[in-house]
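Working notes for the structure below.
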Amino acid sequence: MGAVKPSNIRNFAIIAHIDHGKSTLADRLIEACEGLESRDMQEQVLDSMDIERERGITIKAQTVRLEYTAQDGEHYVLNLMDTPGHVDFSYEVSRSLAACEGSILLVDASQGVEAQTLANAYLAVEADHEIIVVLNKTDLASAEPERVKQQITDVIGLDASDAIPISAKTGVGVPELLEALVKRISPPVGDKAAPLSALLVDSWYDAYLGVVILVRVRDGVLTKGMKVRMMAAGTAHTVEQVGTFQPKPEPGKQLGPGEIGYFTSGIKEVAQTSVGDTITSDRKPTDAPLPGFKPSVPVVFCGLFPVDAGDYPRLRESLTRLKLNDSSFHFEAESSAALGFGFRCGFLGLLHLEIVQERLSREFDLDLIATAPSVVYRIHLTNGKVTELHNPVDMPDPVHIDHLEEPWISATILVPEEYLGSVLKLCEDRRGEQVSLGYAGNRAVVTYRLPLNEVVFDFYDRLKSGTSGYASFDYEVEGYREGDLVRMTIMVNGDPVDALSMVVYRASAESRGRALCERLKELIPRQMFQIAIQAALGGRIIARETVRAMRKDVTAKCYGGDVSRKRKLLDKQKKGKKRMRTFGKVEIPQEAFIAALKMDGD
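So that you can map any letter, position 486 of the sequence shown is 549 in the working numbering, and since no number is skipped, the others follow by simple counting.
Structural data, given as structure tokens:
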């Protein structure tokens, strides 16, 4: 890995909506540049996690360095970043774009512009990128390249007249794309003689090397053996190994201006490497840090508890290991009367939550119960203080609360015209406020403001089922607004079940409470005494269901004789049942929790 002239380097990211072919195009580019031998080639070569390969989605942005000789004989180095397409991982996309000068905007020629196409294109425009529009899947019978070009111009505002038609599956059009990359994307600018200044793009834990740090060098040279300083963390480390991904890690001697690569320095904890930090020379530091990017803020929280209490230490260790490779995931210990010891975890969205849960059960073989997902509320207390509420159980006494604020999002939904009615109804049912409604060809582009807590339950599933899977959805958190919110407590036999507490909108509390009580009535097994299941707002019961007691016929052996003998036996039974109800503990089975938490009161 010799030094490369910055003028011959091209750094670019592939951005697109889910399933528009980013990882497949990355495969073809690696093949065209002979980055891997054919025996090592496999589908979605950059998707390294099993879960990514199975679901066909990219979760972590991956980078690869390719060498390309152009038609004019000039030799180039291409640094490619394959990014995720799902709304939950847009943070990964913004990090990748900060390390590049250009983007390939990939659009499916049969499906056209989707919500994430729009969101990611705007991220690239904000990053001041040269954007190359590429139409994928042009070999399909349903492809309509001319209509999609017009749609890109109308909806995104990019000139798509010179869009490059390709098929990432067959490789048609890839040579033309490579030529466009070296001609249209500007080379990185950097001064080799200046003090080292490199952007920390990502970091993850490797069992053999310790923490591996992905960097983009702006100025200066990063060499093996030099002592570097993390400007935000204020720690100094000696570089042990430096190299690039081709796509396998290839150690080298140095990284110059404009290059993207990795280095290791025996760091034991990822916590010491904050994403967006500036890395400089310890001996001759740069004057000012690079503009980093804002840290990721979790928007959805839920409790994770082991089904077997003995698994708690293993769960703690697993979460710590998972955090090493996922800087946007947060957790802290909590305990619950119903579920024992567990952790309160913060996620970027529901898919992120689902992926983390699945990784815990697969990679670490853990059986877990997750409590109902909730968002971060702001509580304005009567004494003027403002606190954040992550867990509904911790909500203070309503007497001390002046008002509550909840996060609102701006959601963009693209949907075929015939399904527009069901989308509008869904958004209105979830307290949405319509901002705009426009058309791009035969598709409607709807923008709504919605409270985030109405979205975290099953909004995405409802949207997909109500539109036969054709709607695409993207959102960003706008800010906080005051809301008429209350904490709903579920009580079983008079005892509150903390795992089922939730913050709800006052107007929908009753229907939510009734649905939850009805569900629990079906799930809690009958006892020898009757069980009351109640939903309460403060001291007011808003819904109740009763699980009937099992009856034992105590008069079975009582043949003939005076009726008062039967009465006496029945009264004795009644007293016993009353006493049982007072002292009896109701064990709620784990399945009941899981089923109750999955439901959303319709």
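We treat Cβ as the ideally placed atom computed from N, Cα and C, and that holds for glycine.
Note to self: Please identify the residue among Ser344, Tyr511, Arg494 and Pro436 whose C-alpha is closest to the C-alpha of Gly501.
What the structure shows: As a first step, residue 501 must be located in the sequence shown, where it is residue number 438. Closest option to Gly501, Cα to Cα, is Tyr511.
Next item on the list: Keeping to the same chain, check which residues put their C-beta closer than 7 angstroms to that of Ser260; ignore five residues upstream and five downstream.
Entry: Within the sequence shown, numbered from 1, the residue matching residue 260 stands at position 197. Apart from sequence neighbours up to five positions away, the residues of its chain that approach Ser260 with a beta-carbon distance below 7 angstroms are Arg281, Asp282, Gly283, Thr341, Thr343, Thr349 and Leu353, ordered along the chain.
Next item on the list: Note the first and the last residue of the continuous alpha helix (DSSP H) segment covering Ser466.
Entry: Counting from 1 along the sequence shown, the entry for residue 466 is found at position 403. Ser is not the amino acid found at residue 466; the sequence shown has His there. Where His466 is concerned, there is no enclosing alpha helix (DSSP H), although the beta strand (DSSP E) it sits in stretches over Ile464 to Pro479.
Notebook entry, point to check: DSSP three-state call for Ile248: helix, strand or coil?
Noted result: Taking the first residue of the sequence shown as position 1, residue 248 is located at position 185. In the structure shown, Ile248 sits in coil (DSSP, three-state: anything other than H, G, I, E or B).
Notebook entry, point to check: Would you report the Cα separation of Pro459 and Ser564, rounded to the nearest angstrom?
Noted result: Sequence index remark: in the sequence shown, residue 459 carries index 396 (1-based). Sequence index remark: in the sequence shown, residue 564 carries index 501 (1-based). Looking at the two C-alpha atoms, the distance is approximately 13 angstroms.
Notebook entry, point to check: What alpha helix (DSSP H) runs, 4 residues minimum, are completely inside the stretch 66-96?
Noted result: 85-95
Margin query: Using a Cβ-Cβ cutoff of less than 8 angstroms, which residues in the same chain neighbour Glu451 once the five nearest sequence positions on both sides are dropped?
Written below: Position 388 of the sequence shown, counting from 1, holds the residue named residue 451. The answer, listed in chain order, is Val439, Tyr440, Arg441 and Ile442.
Notebook entry, point to check: Rounded to the nearest angstrom, how far is the Cβ of Thr530 from that of Val478, given a contact under 8 angstroms?
Noted result: In the sequence shown, residue 530 corresponds to position 467, counting from 1. In the sequence shown, residue 478 corresponds to position 415, counting from 1. The C-beta distance from Thr530 to Val478 rounds to 5 angstroms, short enough to meet the 8 angstroms contact threshold.
Next item on the list: Any chance you could list the beta strand (DSSP E) runs of at least 3 consecutive residues sitting entirely within the stretch 324-404, in chain order?
Entry: Counting only runs of 3+ residues, the beta strand (DSSP E) found wholly inside the stretch 324-404 occupies 341-344, 363-369 and 393-399, in chain order.
Notebook entry, point to check: Hey, out of Ser485, Ser528 and Asn516, whose CA is closest to Val509's CA?
Noted result: Here the question's residue 509 lines up with position 446 in the sequence shown. Nearest of Ser485, Ser528 and Asn516 to Val509, Cα basis: Ser485.
Next item on the list: State the Cα-Cα distance for the pair Gly136 and Val245, rounded to the nearest angstrom.
Entry: As a first step, residue 136 is located in the sequence shown; it is residue number 73 there, counting from the start. As a first step, residue 245 is located in the sequence shown; it is residue number 182 there, counting from the start. Rounded to whole angstroms, Gly136 to Val245 spans 12 angstroms at the Cα level.
Item checked: Cβ neighbours of Asp688 in the same chain (closer than 6 angstroms, five flanking residues each side left out) -> Absent from the structure is residue 688, since the part of the chain shown begins at 64 and ends at 665.
Note to self: Taking the alpha helix (DSSP H) that Leu579 belongs to, which residues open and close that run?
What the structure shows: On the sequence shown, position 516 is the one that residue 579 refers to. Residues Arg569 to Leu586.
Margin query: Excluding the 5 residues flanking Val235 on each side, which residues of the same chain have their C-beta closer than 7 angstroms to its C-beta?
Written below: As a first step, residue 235 is located in the sequence shown; it is residue number 172 there, counting from the start. Excluding residues within five positions, the ones whose Cβ falls inside 7 angstroms are Asp202 and Ile229.
Margin query: Which runs of the beta strand (DSSP E) at least 3 residues long sit entirely within the stretch 428-454? Give them in chain order.
Written below: 431-433, 440-444 and 449-452
Next item on the list: Tell me, please, whether the stretch 360-380 touches the stretch 313-325 by the rule of three or more beta-carbon pairs shorter than 8 angstroms.
Entry: Between the stretch 360-380 and the stretch 313-325, the count of C-beta pairs closer than 8 angstroms stays below three; the two stretches do not touch.
Note to self: For Leu272 and Thr327, I'd like the C-alpha separation in whole angstroms.
What the structure shows: Working through the sequence shown from its first residue, we reach residue 272 at position 209. Working through the sequence shown from its first residue, we reach residue 327 at position 264. Leu272 and Thr327: Cα-Cα distance of roughly 7 angstroms.
Notebook entry, point to check: How about Phe404 and Glu395: do their beta carbons lie closer than 8 angstroms?
Noted result: Indexing the sequence shown from 1 puts residue 404 at position 341. Indexing the sequence shown from 1 puts residue 395 at position 332. Not in contact: Phe404 and Glu395 (Cβ atoms no closer than 8 angstroms).
Check: So is Lys515 buried or exposed if we call it buried at 16+ other beta carbons inside 10 Å?
Finding: What you label residue 515 is simply residue 452 of the sequence shown in a count that begins at 1. For the sequence presented, residue 515 should be read as Leu rather than Lys. Classification of Leu515: buried, given that the 10 Å Cβ count is 16 or more.
Check: In this structure, does DSSP put Ser166 in helix, strand or coil?
Finding: For the purposes of this step, residue 166 is taken as residue 103 along the sequence shown, with counting starting at 1. Ser166: strand per DSSP, three-state reduction.
Margin query: Taking DSSP's pairing of strands, which residues face Leu132 in a bridge?
Written below: Translated into positions along the sequence shown, residue 132 becomes position 69. Going by the sequence as given, residue 132 is Thr instead of Leu. Answer is His138.
Note to self: Am I right that Leu413 and Tyr523 are in contact with their C-beta atoms under 8 angstroms? What's the rounded C-beta distance?
What the structure shows: For the purposes of this step, residue 413 is identified with residue 350 of the sequence shown, where counting begins at 1. For the purposes of this step, residue 523 is identified with residue 460 of the sequence shown, where counting begins at 1. Right, their Cβ atoms sit about 7 angstroms apart.
Margin query: For the stretch 71-89 against the stretch 237-257, do three or more pairs of beta-carbon atoms, one drawn from each stretch, fall closer than 8 angstroms, so that the two count as touching?
Written below: yes
Checklist line | Any 3 or more C-beta pairs closer than 8 angstroms across the stretch 564-583 and the stretch 205-213 | finding: Taking a cut-off of 8 angstroms for Cβ pairs, the stretch 564-583 and the stretch 205-213 do not touch, as fewer than three such pairs fall below it.
Check: Within 10 angstroms of its Cβ, does Asp389 collect 16 or more other Cβ (buried), or is it exposed?
Finding: Counted from its first residue, the sequence shown places residue 389 at position 326. So Asp389 counts as buried.
Next item on the list: To the nearest angstrom, report how far apart Gly220 and Val196 are at their CA atoms.
Entry: For the purposes of this step, residue 220 is taken as residue 157 along the sequence shown, with counting starting at 1. For the purposes of this step, residue 196 is taken as residue 133 along the sequence shown, with counting starting at 1. C-alpha separation (whole angstroms): 12 angstroms.
Check: Taking the alpha-carbon positions, what's the Ala206 to Glu581 distance?
Finding: As a position in the sequence shown, residue 206 is number 143, starting the count at 1. As a position in the sequence shown, residue 581 is number 518, starting the count at 1. Computed Cα separation, rounded: 49 angstroms.
Check: For Ala572, which of Ala562, Met551, Asn556 and Gly557 has the nearest alpha-carbon?
Finding: Against the sequence shown, residue 572 aligns to sequence position 509. Nearest of Ala562, Met551, Asn556 and Gly557 to Ala572, Cα basis: Met551.
Next item on the list: Give the secondary structure of Asp524 by DSSP, where H, G and I count as helix, E and B as strand, and everything else as coil.
Entry: Counted from its first residue, the sequence shown places residue 524 at position 461. Here Asp524 sits in helix by DSSP.
Note to self: Considering only DSSP beta bridges, list what Phe536 is partnered with.
What the structure shows: In the sequence shown, the residue the question calls residue 536 occupies position 473. Phe536 is bridged by DSSP to Ile476.
Check: From Gly339 to Arg158, what distance separates their C-alpha atoms?
Finding: Position 276 of the sequence shown holds residue 339. Position 95 of the sequence shown holds residue 158. Looking at the two C-alpha atoms, the distance is approximately 8 angstroms.
Checklist line | Pick from Ile604, Pro69, Arg603 and Glu545 that is closest to Val252, judged by C-alpha positions | finding: Along the sequence shown, read from residue 1 onward, the residue named residue 252 stands at position 189. Closest option to Val252, Cα to Cα, is Pro69.
Checklist line | Exposure label - Glu360; buried when at least 16 CB within 10 Å | finding: Translated into positions along the sequence shown, residue 360 becomes position 297. Contrary to the premise, residue 360 reads as Val rather than Glu in this sequence. So Val360 ends up on the exposed side.
Note to self: I'd like to check one pair, Leu88 with Leu169: are the Cβ atoms closer than 8 angstroms?
What the structure shows: Taking the sequence shown and counting its residues from 1, one reaches residue 169 at position 106. Taking the sequence shown and counting its residues from 1, one reaches residue 88 at position 25. Their beta carbons are under 8 angstroms apart, which means Leu169 touches Leu88 by this criterion.
Check: With C-beta atoms as the reference, is Lys290 less than 8 angstroms away from Lys316?
Finding: Mapped onto the sequence shown, residue 290 falls at position 227. Mapped onto the sequence shown, residue 316 falls at position 253. Going by C-beta atoms, Lys290 is not nearer than 8 angstroms to Lys316.
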